[in-house]
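From first to last, the protein sequence lines are chains A and B.
Numbering of the first sequence is given in numbering that gives the first Met the number 0, commencing with residue 0 and proceeding in unit increments.
Numbering of the second sequence is given in numbering that gives the first Met the number 0, commencing with residue 0 and proceeding in unit increments.
First the structure, in the form of structure tokens, and then the observations on it.
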Amino acid sequence: MAKTVVQEFTKGLWAEIPPFRLVLGLCPTLAVTKSVENGIGMGVAVIFVLVCSNMLISLLRNAIPKKVRIACYIVVIATFVTVVELVMQAYAYPLFLQLGIFIPLIVVNCILLGRAEAFAAKNGVLASFADGLGIGVGYTLALTSLAIVREVFGNGTFYNIPVFGPSFKPFSFMVQAPGAFVCLGLMLCMMNILGKK
Amino acid sequence: MREMVKLFIAVVVFSSISGGVLAAIQNATKDRIEYQQLKFVKGPTIKQIMEGCSNDPLIDRLKIADEEKERNFFVGKFDGKPDTVAFETFGKGFGGIMGVIVGVNLKDDKIIGVGVTTHSETPGVGSRAKTDPAFAAQFKGVSILDPFKVKADGGQIDALTGATMSSRGVCGALVSAGEIYKKFKPEIIKKLKEKHG
Numbered sequence: 000m001a002k003t004v005v006q007e008f009t010k011g012l013w014a015e016i017p018p019f020r021l022v023l024g025l026c027p028t029l030a031v032t033k034s035v036e037n038g039i040g041m042g043v044a045v046i047f048v049l050v051c052s053n054m055l056i057s058l059l060r061n062a063i064p065k066k067v068r069i070a071c072y073i074v075v076i077a078t079f080v081t082v083v084e085l086v087m088q089a090y091a092y093p094l095f096l097q098l099g100i101f102i103p104l105i106v107v108n109c110i111l112l113g114r115a116e117a118f119a120a121k122n123g124v125l126a127s128f129a130d131g132l133g134i135g136v137g138y139t140l141a142l143t144s145l146a147i148v149r150e151v152f153g154n155g156t157f158y159n160i161p162v163f164g165p166s167f168k169p170f171s172f173m174v175q176a177p178g179a180f181v182c183l184g185l186m187l188c189m190m191n192i193l194g195k196k
Numbered sequence: 000m001r002e003m004v005k006l007f008i009a010v011v012v013f014s015s016i017s018g019g020v021l022a023a024i025q026n027a028t029k030d031r032i033e034y035q036q037l038k039f040v041k042g043p044t045i046k047q048i049m050e051g052c053s054n055d056p057l058i059d060r061l062k063i064a065d066e067e068k069e070r071n072f073f074v075g076k077f078d079g080k081p082d083t084v085a086f087e088t089f090g091k092g093f094g095g096i097m098g099v100i101v102g103v104n105l106k107d108d109k110i111i112g113v114g115v116t117t118h119s120e121t122p123g124v125g126s127r128a129k130t131d132p133a134f135a136a137q138f139k140g141v142s143i144l145d146p147f148k149v150k151a152d153g154g155q156i157d158a159l160t161g162a163t164m165s166s167r168g169v170c171g172a173l174v175s176a177g178e179i180y181k182k183f184k185p186e187i188i189k190k191l192k193e194k195h196g
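And the structure:
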């Protein structure tokens with residue numbers, strides 16, 4: 000329990016990186032990582048919601064009655080998700096069209112409720128902020144790396160810029176749903192090999 | 000019993016604060032979201048019709064109430080004079096409802112351009128109503144108040160080969176555009192005078 004704020008932040012980047020270590024939030028992980036742009040967009044949305052909801056829940060942790068805490072957490076999370084949805088519509092409409100239903104679905108993303116219940120409800124505001132930021136950045140990194148692999152091989156582009164010559168035939172399996180599972184599985188495998196000492 | 004009331008109040012307070020915050024944000028982003036939706040859905044077609052205008056027709060739009068709903072009239076300025084309006088109407092094509100935007104010069108009631116926005120016509124056949132410039136070009140310079148009919152129905156419009164239904168859809172949309180134009184022209188001119196002197 001005596002971890003420093005820095006440790007709370009860095010654990011989200013490797014030791015508890017959400018899709019690989021906690022294996023949470025897989026639905027958007029598989030669905031939106033068709034392109035790097037989408038992966039980063041989704042990651043940023045999650046960072047914002049996670050940091051805000053973690054801080055607010057930690058701030059209110061003594062005011063929320065234990066018996067209805069889940070309902071209260073969901074209200075807090077849903078509020079921030081709707082804020083993201085509206086702001087994204089207003090300022091990044093093409094991205095909003097791409098991510099579509101997965102923005103509102105952040106509400107039921109297990110990472111958010113999981114962090115609220117397991118961390119923010121028991122820790123101070125600063126630690127909760129670091130935890131939210133760390134997990135959020137870790138999630139973004141995971142989405143981005145998955146998206147890089149899938150977009151480069153599946154579409155021959157990186158952030159919509161072609162990386163191979165015109166003779167490259169895209170391996171379109173990678174941008175389809177089965178490719179997402181295979182790719183995630185391989186990355187998980189690599190993470191486990193690297194993590195084993 | 001007392002505990003029940005307490006829990007109830009906690010959830011109600013939470014939800015009402017969240018509702019209030021969201022209402023405020025929605026209010027603040029409403030206009031921008033509407034603009035973004037217009038820009039990405041209708042914007043390209045409007046820009047094509049209003050080629051060479053000196054303003055942004057999406058910003059300089061007039062909202063006029065038509066019974067229950069609101070109609071948008073996009074105003075284009077040419078040589079500094081706001082003398083052109085574009086608006087969307089609908090006709091029944093082969094695959095369903097087709098949206099057509101028509102630009103009209105207010106001085107002589109002549110069409111300056113026509114463009115299809117949303118449609119579900121057969122790709123490569125009926126969809127040429129949107130992509131074939133020769134088809135759209137025959138509407139240019141014709142008075143909006145004319146009865147539009149394809150040649151097969153005794154009219155003046157050359158239908159797209161193999162896509163008579165889609166061509167009829169565009170003609171139908173333009174006939175209803177004529178009615179809308181007749182109905183709202185005085186109000187448009189009045190509003191433009193108020194706005195631009």
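Every residue, glycine too, gets a C-beta built ideally from N, C-alpha and C.
{"Item": "Please classify I39(A): does DSSP put it in a helix, a strand, or coil?", "Value": "helix"}
{"Item": "Considering only residues of the same chain and omitting the five flanking positions on each side of L25(A), which have a CB-CB separation below 8 Å?", "Value": "P18, L183"}
{"Item": "With C-beta atoms as the reference, is G113(A) less than 8 Å away from L23(A)?", "Value": "yes"}
{"Item": "Roughly how many angstroms lie between the CA atoms of V11(B) and V4(B), to the nearest whole one?", "Value": "10 Å"}
{"Item": "Anything in the region 79-94 of chain A with a Cβ closer than 8 Å to a Cβ of chain B? List those residues in chain order, please.", "Value": "T81, V82, L85, V86, Q88, A89, Y90, Y92, P93"}
{"Item": "Are any of the Cβ atoms in chain B nearer than 8 Å to that of M0(A)?", "Value": "Because M0(A) sits at a pLDDT of 47, beneath the cut-off of 50, its placement in the model cannot be relied upon, and the point is left open."}
{"Item": "If I follow the unbroken alpha helix (DSSP H) through I105(A), where does it start and stop?", "Value": "Segment: none, I105(A) is in no alpha helix (DSSP H) and carries neither H nor E."}
{"Item": "In three-state terms, what does DSSP make of L57(B)?", "Value": "coil"}
{"Item": "To the nearest angstrom, how far is the alpha carbon of F8(A) from that of L29(A)?", "Value": "25 Å"}
{"Item": "How would you list, in chain order, the residues of chain D whose beta-carbon sits under 9 Å from the beta-carbon of T44(B)?", "Value": "The structure shown contains no chain D; its protein chains are A and B."}
{"Item": "Spell out whether any CB of chain B is found under 8 Å from the CB atom of V48(A).", "Value": "no"}
{"Item": "When the cut-off is 8 Å and only beta carbons count, does K5(B) lie next to chain A?", "Value": "yes"}
{"Item": "Taking beta-carbon pairs under 8 Å, can you tell me which members of the region 8-23 of chain B lie near chain A?", "Value": "A9, V10, F13, S14, S17, V20, L21"}
{"Item": "Can you tell me whether E87(B) is helix, strand or coil according to DSSP?", "Value": "strand"}
{"Item": "I'd like the ranges of any beta strand (DSSP E) spanning at least 3 consecutive residues and lying wholly in the region 97-185 of chain B.", "Value": "110-115"}
{"Item": "Could you tell me the alpha carbon to alpha carbon distance between K29(B) and A151(B), rounded to whole angstroms?", "Value": "46 Å"}
{"Item": "Going by beta-carbon coordinates alone, are G112(B) and G102(B) separated by less than 8 Å?", "Value": "yes"}
{"Item": "What does a CB cutoff of less than 7 Å around C127(A) pick up in its chain, not counting 5 residues either side in sequence?", "Value": "Residue identity check: residue 127(A) is Ser in the sequence provided, not Cys. Hits under 7 Å: N53, M54, S57, F118, A119."}
{"Item": "Rounding to the nearest angstrom, what Cα-Cα distance links K65(A) and I100(B) in this structure?", "Value": "57 Å"}
{"Item": "Just to check, is the beta-carbon of T130(B) closer than 7 Å to a non-hydrogen atom of the ligand MG?", "Value": "You won't find the ligand MG in this model; it holds no ligand whatsoever."}
{"Item": "Would you decide whether F93(B) is buried or exposed? Buried here means 16 or more other CB atoms lie within 10 Å of its CB.", "Value": "buried"}
{"Item": "Compare the C-beta of V74(A) with all C-beta atoms of chain B and state if any pair is closer than 8 Å.", "Value": "yes"}
{"Item": "Check each residue of the region 24-37 of chain B: if its Cβ is closer than 8 Å to any Cβ of chain A, include it; give the result in chain order.", "Value": "I24, Q25, T28, R31, I32, Q35, Q36"}
{"Item": "Measure the C-alpha to C-alpha separation of G168(B) and V82(A) and round it to an integer number of angstroms.", "Value": "40 Å"}
{"Item": "Start and end of the beta strand (DSSP E) containing K68(B)?", "Value": "68-77"}
{"Item": "Helix, strand or coil, according to DSSP, for F157(A) in the structure here?", "Value": "strand"}
{"Item": "What does the Cβ neighbour count give for L142(A), buried or exposed, with the cut at 16 atoms within 10 Å?", "Value": "buried"}
{"Item": "If you drop the 5 nearest sequence neighbours on each side, which residues of the same chain put their C-beta closer than 7 Å to that of G177(B)?", "Value": "I143, L144"}
{"Item": "Anything in chain B within Cβ reach of P64(A), meaning under 7 Å, just list it in chain order.", "Value": "K5, L6, A9"}
{"Item": "Going by the CB atoms, is the gap between Q97(A) and N159(A) shorter than 8 Å?", "Value": "no"}
{"Item": "By DSSP, does P81(B) sit in helix, in strand, or in coil?", "Value": "strand"}
{"Item": "Quick one, are the C-beta atoms of R149(A) and V174(A) less than 8 Å apart?", "Value": "yes"}
{"Item": "Can you check DSSP and say which residues form a bridge with A64(B)?", "Value": "E69(B)"}
{"Item": "Between V20(B) and F147(B), what straight-line distance do the alpha-carbon atoms span, to the nearest angstrom?", "Value": "50 Å"}
{"Item": "Does F93(B) get closer than 8 Å to chain A when you measure Cβ to Cβ?", "Value": "no"}
{"Item": "Going along chain A, which residues have a C-beta under 8 Å from F39(B)?", "Value": "Y92, P93, L96"}
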